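Chemist:
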Amino acid sequence: MEQIVQSYRENDTYQLGVRLGKQAKPGDILCLTGDLGTGKTALAKGIAAGLDIVEDIVSPTFTILHEYSGRLPLYHFDVYRLEDGEALWDIGFEEYLDRGGVCLIEWADQISEHIPKEAQWLHIEKDLSKGTEYRKITIQGGEDQ
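All residue numbers for the sequence shown refer to this note's numbering, where the first residue is 505 and numbers rise by one.
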């Protein structure tokens, strides 16, 4: 099943994240894709807020992984700088999938062959013809598959 969400402001994207975080269950895998500057971090901050995480959420680009505590643990991966998906095993990626938290993976399309089929995919696109802040967010997968 596919769902399209239209975001007209950064706060719309954030609020979608809050809803997703509130609905999240142990073991959920959320894969974020989209070009630089489309709002992946805004969505990630909203998901964290929905999980009752009070820490500031930053993209873990140089460390690959940040862990946060909330209603459920959040394992926030950013795989943008990975040479290949094999490096995931060096950081224990598979173990994080089984820890009962929520795995949030930015740039997940770069490692799609390593993502379990039950993951939920969120693709963010700009459409400047609808304004500089407009985003089209396509949600696919998860339980509905």
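In this text, a Cβ means the ideal position worked out from N, Cα and C, and glycines have one as well. Remember, predicted model here, so these are calculated numbers, not experimental data.
Is it buried or exposed for Gly574, if we count other Cβ within 10 angstroms and need 16 for buried?
Modeler: Position 70 of the sequence shown, counted from the start, is the residue given in the question as residue 574. That one is buried.
Chemist: Any idea what DSSP makes of Arg523, helix, strand or coil?
Modeler: On the sequence shown, position 19 is the one that residue 523 refers to. Secondary structure of Arg523 (DSSP, three-state): helix.
Chemist: Once the 5 residues before and after Ser563 are set aside, which same chain residues still bring their CB inside 7 Å of it?
Modeler: By one-based count along the sequence shown, residue 563 stands at place 59. Excluding positions up to five away in sequence, the list reads Thr545, Asp582, Glu610.
Chemist: Gly646: which of Leu632, Ile561, Glu622, Asp539 sits nearest, CA to CA?
Modeler: The residue you call residue 646 lines up with position 142 of the sequence shown. Ranked by Cα distance from Gly646, the first of Leu632, Ile561, Glu622, Asp539 is Glu622.
Chemist: Along the chain, where does the alpha helix (DSSP H) containing Asp652 start, and where does it finish?
Modeler: The question about residue 652 has no answer, for the chain in this structure spans 505 to 649.
Chemist: Between the Cα of Asp532 and those of His580, Lys549, Gln519, spot the shortest distance and give me the residue it belongs to.
Modeler: Numbered from its first residue, the sequence shown carries residue 532 at position 28. Nearest C-alpha to Asp532: His580.
Chemist: Round the Cβ separation of Tyr572 and Ala552 to the nearest angstrom and send it over; I've been treating them as touching at under 8 Å.
Modeler: Position 68 of the sequence shown holds residue 572. Position 48 of the sequence shown holds residue 552. Yes, they are in contact, since the Cβ atoms of Tyr572 and Ala552 sit about 6 Å apart, within 8 Å.
Chemist: Do Gly543 and Val606 count as a contact pair if the criterion is CB distance below 9 Å?
Modeler: If you number the sequence shown from 1, residue 606 lands on position 102. If you number the sequence shown from 1, residue 543 lands on position 39. In this structure, Gly543 does not lie closer than 9 Å to Val606 by Cβ.
Chemist: In its own chain, which residues sit with a C-beta less than 7 Å from the C-beta of Glu514, not counting the 5 before and 5 after it?
Modeler: Here residue 514 is taken as the residue at index 10 of the sequence shown, counted from 1. Once the five neighbours on either side are set aside, the close Cβ partners of Glu514 are Gly543, Ala546, Glu637.
Chemist: Considering Cα atoms alone, identify which of Leu586, Gln519, Asp516 is closest to Thr567.
Modeler: Looking up residue 567 in the sequence shown gives position 63. Selected option, being the one with the closest Cα: Leu586.
Chemist: What separation, rounded to the nearest whole angstrom, lies between the Cα atoms of Leu578 and Ile508?
Modeler: Position 74 of the sequence shown, counted from the first residue, corresponds to residue 578. Position 4 of the sequence shown, counted from the first residue, corresponds to residue 508. So the alpha carbons of these two residues sit roughly 24 Å apart.
Chemist: What are the boundary residues of the beta strand (DSSP E) that Lys621 is part of?
Modeler: Within the sequence shown, the letter at position 117 stands for residue 621. Counting along the chain, Lys621 falls outside any beta strand (DSSP E), and DSSP gives it neither H nor E.
Chemist: Using the Cα positions of Thr517 and Gly550, report the straight-line distance between them to the nearest angstrom.
Modeler: Here residue 517 refers to the residue found at position 13 when the sequence shown is read from its first residue. Here residue 550 refers to the residue found at position 46 when the sequence shown is read from its first residue. Distance between the alpha carbons of Thr517 and Gly550 is about 8 Å.
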